[in-house]
Amino acid sequence: MSQRTPWSTFIEIATEESVLRSITLSLIVATSAAAICFLFGLPLGWVLAKSQMKGLKILRAVVLLPMVLPPVAGGTALLFALGRKGFIGEKLDSWFGVTLPFTTAGAIIAATFVSLPFFVLAIETAATQLDPQFEESSQSLGASPTRTFFTTSLPMTRSAIFAGIALSWARALGEFGATITFAGDNPERTRTLPLQLFVALETSPERAMVLGMLMVLISLSVLITLRGKWIGTQ
Amino acid sequence: MTILTDFRYTSCLSTLIFIFALVNFSCGLPADSLHVMAASSLTEAFEEIAEEFETVHDIKVSLTIAGSASIASQLEDGAKVDVVALADEETMQRVIESRELSQQAPKIFATNYLVLATPLGNPSNIEDLEDLEGSITAICSEQVPCGKLSFQLALQKQIELRPSSFEPNVRSVRAKIELGEVDAGLIYVTDVNEQVNYIRIEEAEEIKSNYPIASFDGARVEASDFIDFVLSPTGQKILEKYGFGGPVDY
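From first to last, the protein sequence lines stand for chains A and B.
Take the first sequence: its position 26, counted from the start at 1, is 36 in my numbering, and no numbers get skipped.
Take the second sequence: its position 65, counted from the start at 1, is 142 in my numbering, and no numbers get skipped.
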């Protein structure tokens, strides 16, 4: 792709208003999705790793489902649940006047839906592999379970957390199927880079090349920065 | 050990069966069939036309349906096809510029126009194009023929279209309407089905899309037979059945 990109027109196309808007939207959506994944995924992953309660297998299957579901199927599922006529979405609309399709919030939800499993998996794996002796010694020294969690267990899974954030951010950035199905293609609120690329592919392959290259460059720069700073070997 | 339990024997046999199956079922597009690509609004009409053609001409028709812009992209990339039927002349022009057409120029075989469509029961009480402003609407992306036609219509009626979503093809627009996710949308009169309610737009019938059909250098001999069939009274009757207008006589 690097070979076929018309570098001379790269800057020209990359600085077009619609493209800049897509870049901004993509960054907002991916970062918000990663943040939500962190907020919900951390407790979820931990519970899946440590809890003994029944029904855990089902919970894990449901959480990991978006990973194996084709994204468009995921988007359709979201539409049936959270769309304006969806069984939850209908209530949202009639009680609060809130509709999610065609909004940036909808795009964020679609992106979160597909990237949450990645974060949860990273946390669950790390939490399961924690050596219990550290938590045990912390508690034997008098720390409460809560204090142990925040001062011992959590910091020990730090690199898994950052890896999970990077993974879910990257997955959210590239999401297309669920976004276009659930959030639609709205140039001001939901046309992220992948959607912009899809539109360009059918009309101007040159433009599509530039957008593709743009996505590669953005992803690479963020992932390289993250790796350098946080994901070191323990 | 019996023959069936001898692992080496069964693994050998299953490999052979696998290869045999692969060879027989891998030809997705049989070499001796007519490849036709048609725009998505032509789905049902061309499926029926292809079926009729097969019974009359004793050759298999391999029909691919996609958005007109998508078809043009694939042809630009060198896809092998015998006949192409698109939803507007502008997209056909794009195809002409990238491939050599056969001796005959593209022929117009049908026309279409837009109508306003709403979910059943018209919950938002949409009555005409003006009502679209301030409603949640979906139209085709401007890259595809129905999108271009939508903007043409809006320009004519001096309405500013601000849809909530630009869908990649007309069937996606219809799907959003069927699901009730939008208050209204613009679709072709031929796409109206029992899951949507439609409203005629004044003078929209005059802003038509002309559907061209063409074949290429090196296409099968039956390609021109297919085009003739589409233009014949039989073909035209099928198109009319699905709501298409006839070609304008030049």
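The C-beta atom is built at its ideal place from N, Cα and C for all residues, glycine as well.
The structure presented is a predicted model; accordingly, all values stated were derived computationally and were not measured.
- The distance from the Cβ of Leu89 of chain A to that of Thr191 of chain A is about 6 Å, consistent with a contact at the 8 Å cut-off.
- Look at the region 110 to 144 of chain A: the residues with a C-beta under 7 Å from a C-beta of chain B are Pro111 and Phe112.
- Rounded to whole angstroms, the Cβ separation of Thr114 of chain A and Thr189 of chain A is 11 Å, and the two are not in contact under 8 Å.
- By the rule that beta-carbons nearer than 7 Å mark a contact, Asp103 of chain A does not touch chain B.
- Counting along the chain, Met63 of chain A sits inside no alpha helix (DSSP H), nor does DSSP assign it H or E at all.
- Residue-level contact by beta carbon holds for Arg94 of chain A and chain B, with a gap shorter than 7 Å.
- Taking Val133 of chain B as the centre and dropping the five residues before and after it, the same chain places the C-beta of Phe306 closer than 8 Å to its C-beta, in chain order.
- In the three-state scheme derived from DSSP, where H, G and I count as helix and E and B as strand, Val192 of chain B is classed as strand.
- Across the set A:Val29, A:Met63, A:Ala59 and A:Leu183, the C-alpha of A:Ala59 shows the shortest separation from the C-alpha of Val130 of chain A.
- Per DSSP, Glu128 of chain B is one residue of the alpha helix (DSSP H) stretching across Thr120 to His134.
- Between the C-alpha atoms of Phe160 of chain A and Ala153 of chain A there is a straight-line separation of about 11 Å.
- With 16 or more other Cβ atoms from the protein chains shown falling within 10 Å of its own Cβ, Thr168 of chain B counts as buried.
- Counting C-beta pairs with one atom in each stretch, the region 149 to 157 of chain B and the region 271 to 291 of chain B have fewer than three that are closer than 8 Å, which means they do not touch.
- With fewer than three CB-CB distances shorter than 8 Å, the region 243 to 255 of chain B does not count as touching the region 59 to 78 of chain A.
- Beta bridge pairing from DSSP links Met114 of chain B with B:Thr141 and B:Val161.
- Taking 7 Å as the cut-off, the beta carbon of Ala121 of chain A is found closer than this to the beta carbon of Ala182 of chain A.
- For a Cβ distance threshold of 7 Å, residue set Leu89, Gly93 and Lys95 of chain A lies close to Leu256 of chain B, ordered along the chain.
- Cβ neighbours of Glu299 of chain B within its own chain (closer than 7 Å, five residues either side excluded): Leu111, His134 and Ile136.
- With a beta-carbon spacing of about 31 Å, Phe172 of chain A and Phe208 of chain A fall beyond the 8 Å limit used to define contacts.
- In the structure shown, the three-state DSSP call for Tyr86 of chain B is helix.
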